[in-house]
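As structure tokens, the structure follows; a few thoughts come after it.
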Amino acid sequence: MPELEKKRLLAPFALTAAVLILDQITKIAIVASVKPGRIAWRAFGDFFWLVHQKNTGAAFSMGDALAGPLRVAVLIVVPLALMVGLCVYYFKSDEFTRVQRWALCGIIGGGVGNIIDRIFRPDGVIDFLSFKFYGLFGLERWPTFNVADSAVVVCGVLLVVAGFFVPSGKAAADGKPKA
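Residues -2 to 176 in the numbering used here are what the sequence shown lists, from first letter to last.
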């Protein structure tokens, strides 16, 4: 593999590292400075809270009632396999655009950030960003989240949008529109 191609493939993993580092630093800071269940700071009235919550499940606390081995399989093994699969597919496929590669690496960073919590924080993933949702979808507040969750959602949306509007890497190189 030529050096320029290798750099092009590896550069987006800087985003993976940045997401992981920012995620873990913010979680360490919250654990060190805010008691669980407490609101440390409010902004714009009741719109934003900086809180310390522990999520023992996945998104929206799904799976928090699962028993031992099933819990490990669903919340650690399957997501870890998905992250490994994404990495393998990332390097094997030439169908991704630059934007899609960066988005995938952001998703990998966020996914691994939460997997680290599930492995090393048995009390649950640390969540700390809480926003008022004004009763939309029956929610007074959006479920509390963290940097890793944000990276997965933002990069996931970017990946989908890029898939609709940007030709794939191979098609773009051939000068043909994506099928």
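Beta carbons are placed, not taken as given, at the ideal position from N, Cα and C, and that holds for glycine.
Check, Outcome
"C-beta atoms of TYR87 and LEU101 nearer than 8 Å", "yes"
"Continuous alpha helix (DSSP H) stretch holding ILE183: start and end", "The structure shown does not extend to residue 183, since the chain is modelled only from -2 to 176, so the question has no answer here."
"Run of the alpha helix (DSSP H) containing PHE88, from where it starts to where it stops", "75 to 89"
"Alpha-carbon spacing of VAL144 relative to LEU1, whole angstroms", "31 Å"
"Buried or exposed by the 16-neighbour rule on C-beta atoms within 10 Å, applied to LEU133", "exposed"
"Beta-carbon spacing of VAL81, GLY107 below 8 Å", "no"
"Proximal residues to ILE27 (C-beta, below 7 Å), its chain only, five neighbours per side dropped", "HIS49, ILE123 and PHE125"
"Own chain partners of ASP120 with C-beta closer than 7 Å, once the 5 adjacent residues on each side are dropped", "LYS51"
"Coil, strand or helix - ARG138 by DSSP", "strand"
"Beta-carbon proximity of VAL151 to GLY110, cut-off 8 Å", "no"
"CA-to-CA distance, PHE130 to VAL156, given in whole angstroms", "Note that residue 156 corresponds to Leu in the displayed sequence, not to Val. Roughly 25 Å between the two C-alpha positions."
"Given ILE180 as reference, the closest of ALA55, LEU12 and GLU137 once Cα atoms are compared", "No answer is possible for residue 180: the residues shown for the chain start at -2 and end at 176."
"PHE44 beta carbon less than 8 Å from that of PHE128", "yes"
"Distance between LEU136 and GLN97 (C-alpha atoms, nearest Å)", "32 Å"
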